[in-house]
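Numbering (my numbering), first residue to last: 356 to 873. Here's the structure we're looking at; comments come further down.
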């Protein structure tokens, strides 16, 4: 069972708390049955059009509550929506989970909160998670509200992500429609703000490079927002990504990101009365297995951190040598001027960082096309990677790998000899770690001749002259850890061929290119 969405809130202002629980039970009954006139479902299980609906009531010293679950077997998988409400002396506590289980983990899933959430939220006078109030729709902000918005975003006690949607100059309708579309999908887990053109300009003036403008979207997670160095934490989706054919995928990634954050939210102590029975049946063997898996991930993370620290030390050493050389030639000003990062408006500048692997692919297609070909067919099933807790780190590792391929191809065009491994092994500034944990130039003979070989057949530029598809075995291991989601970049080296470039055939999770161990 995979948890996709979790909304948790409380209302301490509601005077008639038991009534809210009863009304919520009625809302769930109407939503689960699809009948606006349906009677309130009683305790036990009910089968409605193949859907299993169960209701459990609580009325004791712990409080007055209801737990209701709808479980439906659909072609995409088995979907479950579970609602839990509890009225106590403190207030009314609510918890809604969306789960899905499937035999096809690679299928694309459109994540969104159930329609039930809107009906539930309007029952409350002031639903909130900590200091953050929940809204059912996008919140429009004009110029006068910008200072308050900036203060809220910088509040260290903020508990909810804020998705701020800017308006292009002179076009308020596009921004509002986009904000409304997103708000309907993230009810209960994020607040969506719609800035009109004037408010967009004022917001940019207030936050500078940490703002959002020109029709772009930015997700402000509960994290520091004080200096430019904090910008990487808050995902920025440029207007160009929202205007082209990939606009739906860009919005999906925005929704996926906040949905994934919601699934890691801890349940308040008051609501754990609903999980007491579940916790009592936990298998100690499963706990031990999970502990071992987590320890393995920690060990891998330490290894990767050590690799990054070594790479950083080499890069800093190289940078220091460049600085000293420039200073010795009286060109120190050139060093300091070149070190200033470009802003979002400089569309021609190669980005120093990206937000996720999808953005790394887009950046490669735009900025590395002189040396690397990344066709539209190369990125595969990136939504899980892009919404993982370490999406930013994986994205920038992938971006580094793609830049390494481009630097290698350019070096070959300039007359350098050898393959990608030997070029990286020489310690070139843009090189990738030439170790078996991070790079493979060949697959095993078992795989080359086995059933998994087909998963390495990828489309390639017909000018290469090897057919419409070719077996690609050389690949960059973006992350050794991460299990089935660990990203891989498969490529074909034609730097000595007709095209004189590197062709990327696949960027995606490891489970789509399995090996005999998998």
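The beta-carbon is built from N, C-alpha and C at its ideal position, and this holds for glycine as well.
Which residue or residues does DSSP assign as beta-bridge partners of residue 422? As a position in the chain shown, residue 422 is number 67, starting the count at 1. Paired residues: 411, 439.
Sequence-distant residues of its chain with Cβ nearer than 8 Å to residue 892 (five each side left out): There is no way to answer for residue 892, as the model of the chain reaches only from 356 to 873.
Selected residue, minimal CA-CA separation from residue 807, among 827, 385, 480, 395: Along the chain shown, one-based indexing puts residue 807 at 452. With distances taken between Cα atoms, residue 807 lies closest to 827.
Find the nearest neighbour of residue 580 within the set 511, 363, 747, judged by alpha-carbon distance. Taking the first residue of the chain shown as position 1, residue 580 is located at position 225. Considering only alpha carbons, the answer is 511.
Less than 8 Å between the CB atoms is what I'm expecting for residue 446 and residue 367, so what's the real figure, rounded? For the purposes of this step, residue 446 is identified with residue 91 of the chain shown, where counting begins at 1. For the purposes of this step, residue 367 is identified with residue 12 of the chain shown, where counting begins at 1. At roughly 4 Å, the Cβ-Cβ gap stays under 8 Å, so residue 446 and residue 367 are in contact.
According to DSSP, which residues form a beta bridge with residue 487? By one-based count along the chain shown, residue 487 stands at place 132. Residue 487 pairs with 484.
Rounded straight-line distance, which links the Cα of residue 846 to that of residue 699: The residue given as residue 699 occupies position 344 in the chain shown. The residue given as residue 846 occupies position 491 in the chain shown. Residue confidence for residue 699 is low, a pLDDT of 46 falling below 50, so the modelled location carries little weight; the figure read from the coordinates is stated next. Residue 699 and residue 846: Cα-Cα distance of roughly 30 Å.
Residue range of the alpha helix (DSSP H) that includes residue 817: On the chain shown, position 462 is the one that residue 817 refers to. Element bounds for residue 817: n/a, residue is neither H nor E.
State the Cα-Cα distance for the pair residue 482 and residue 365, rounded to the nearest angstrom. Here residue 482 is taken as the residue at index 127 of the chain shown, counted from 1. Here residue 365 is taken as the residue at index 10 of the chain shown, counted from 1. Each residue's Cα considered, the two are about 6 Å apart.
Between residue 779 and residue 793, what straight-line distance do the alpha-carbon atoms span, to the nearest angstrom? In the chain shown, the residue the question calls residue 779 occupies position 424. In the chain shown, the residue the question calls residue 793 occupies position 438. Taking the straight line from one Cα to the other gives about 11 Å.
Grab the span of the beta strand (DSSP E) containing residue 581 for me, first residue to last. Position 226 of the chain shown, counted from the start, is the residue given in the question as residue 581. Premise fails: residue 581 is in no beta strand (DSSP E) and is neither H nor E.
Residues in its own chain within less than 8 Å of residue 478 by CB, not counting five upstream and five downstream? One-based indexing of the chain shown puts residue 478 at position 123. Counting only Cβ-Cβ distances below 8 Å, and skipping sequence neighbours, we find 375, 378, 379, 382.
Considering only residues of the segment 491-556, which uninterrupted beta strand (DSSP E) runs meet the minimum length of 3 residues and lie entirely inside it, listed in chain order? 494-496, 517-520, 546-550
Can you list, in chain order, the stretches of the alpha helix (DSSP H) that have 4 or more residues and sit fully within the segment 595-668? 602-618, 631-635
Who does residue 450 pair with in a DSSP beta bridge? Locating residue 450 in the chain shown gives position 95, where the first residue counts as 1. BP columns for residue 450 point to 363, 439.
For residue 456, write down the residues that DSSP places opposite it in a beta bridge. Position 101 of the chain shown, counting from 1, holds the residue named residue 456. Beta-bridge pairing links residue 456 to 433.
Whole angstroms are fine: how far does the CA of residue 501 sit from the CA of residue 860? Here residue 860 corresponds to residue number 505 of the chain shown, with the count starting at 1. Here residue 501 corresponds to residue number 146 of the chain shown, with the count starting at 1. When rounded, the distance between both Cα atoms is 45 Å.
Enclosing beta strand (DSSP E) for residue 722 [first to last residue]: Numbered from its first residue, the chain shown carries residue 722 at position 367. Counting along the chain, residue 722 falls outside any beta strand (DSSP E), though it belongs to the alpha helix (DSSP H) covering 712-722.
Among 773, 834, 547, 393, whose alpha-carbon lies nearest the alpha-carbon of residue 745? Sequence index remark: in the chain shown, residue 745 carries index 390 (1-based). Per the Cα distances, 834.
7 Å Cβ shell around residue 480 - same chain, five flanking residues per side excluded: Taking the first residue of the chain shown as position 1, residue 480 is located at position 125. Excluding positions up to five away in sequence, the list reads 366, 368, 369.
Straight-line gap, residue 777 to residue 790 (C-alpha atoms, nearest Å): Locating residue 777 in the chain shown gives position 422, where the first residue counts as 1. Locating residue 790 in the chain shown gives position 435, where the first residue counts as 1. Residue 777 and residue 790: Cα-Cα distance of roughly 11 Å.
Which stretch, first to last residue, makes up the alpha helix (DSSP H) that contains residue 801? On the chain shown, position 446 is the one that residue 801 refers to. Unbroken alpha helix (DSSP H) run through residue 801: 800-803.
Looking at the structure shown, is residue 357 part of a helix, part of a strand, or coil, going by DSSP? Within the chain shown, numbered from 1, the residue matching residue 357 stands at position 2. Reduced to three states, the DSSP call for residue 357 is strand.
Beta-carbon contacts of residue 714 that lie in its chain and below 7 Å, excluding the five residues immediately before and after: Along the chain shown, one-based indexing puts residue 714 at 359. Within the same chain, residue 714 has close Cβ partners 750.
Residue 833 by DSSP, collapsed to three states: which one? Along the chain shown, one-based indexing puts residue 833 at 478. In the three-state scheme derived from DSSP, where H, G and I count as helix and E and B as strand, residue 833 is classed as coil.
State the start and end residues of the unbroken beta strand (DSSP E) segment that holds residue 750. Against the chain shown, residue 750 aligns to sequence position 395. That residue, residue 750, is in no beta strand (DSSP E); its alpha helix (DSSP H) goes 746-768.
Measure the C-alpha to C-alpha separation of residue 717 and residue 644 and round it to an integer number of angstroms. By 1-based counting over the chain shown, the position of residue 717 is 362. By 1-based counting over the chain shown, the position of residue 644 is 289. Taking the straight line from one Cα to the other gives about 38 Å.
Endpoints, alpha helix (DSSP H) assigned at residue 780: Counting from 1 along the chain shown, the entry for residue 780 is found at position 425. Start and end: 775-780.
Between 617, 626, 431, which lies nearest to residue 358 when the distance is taken from Cα to Cα? The sequence position of residue 358 within the chain shown is 3, counting from 1. That would be 617, whose Cα lies nearest to the Cα of residue 358.
Sub-9 Å separation of residue 795 and residue 762 beta-carbons: Counted from its first residue, the chain shown places residue 795 at position 440. Counted from its first residue, the chain shown places residue 762 at position 407. No, the pair does not count as a contact, with Cβ atoms beyond the cut-off.
For residue 587, the nearest candidate out of 756, 361, 747 (CA to CA): By 1-based counting over the chain shown, the position of residue 587 is 232. Considering only alpha carbons, the answer is 747.
Assign residue 797 to one of three DSSP states: helix, strand, or coil. In the chain shown, the residue the question calls residue 797 occupies position 442. Coil at residue 797, not helix or strand.
Excluding five sequence neighbours on each side, which residues of the same chain lie with their C-beta closer than 7 Å to the C-beta of residue 784? Taking the chain shown and counting its residues from 1, the one referred to as residue 784 is at position 429. So the list reads 673, once near-sequence residues are dropped.
What number of angstroms, rounded off, separates the C-alpha of residue 811 from the C-alpha of residue 604? As a working mapping, residue 811 is identified with position 456 in the chain shown. As a working mapping, residue 604 is identified with position 249 in the chain shown. So the alpha carbons of these two residues sit roughly 25 Å apart.
Given this structure, state the Cα-to-Cα distance separating residue 440 from residue 626, to the nearest angstrom. As a first step, residue 440 is located in the chain shown; it is residue number 85 there, counting from the start. As a first step, residue 626 is located in the chain shown; it is residue number 271 there, counting from the start. Cα to Cα, residue 440 sits roughly 8 Å from residue 626.
Nearest to residue 862 by CA position, among 738, 458, 822, 823, is which residue? Within the chain shown, the letter at position 507 stands for residue 862. The residue with the shortest Cα to Cα distance from residue 862 is 738.
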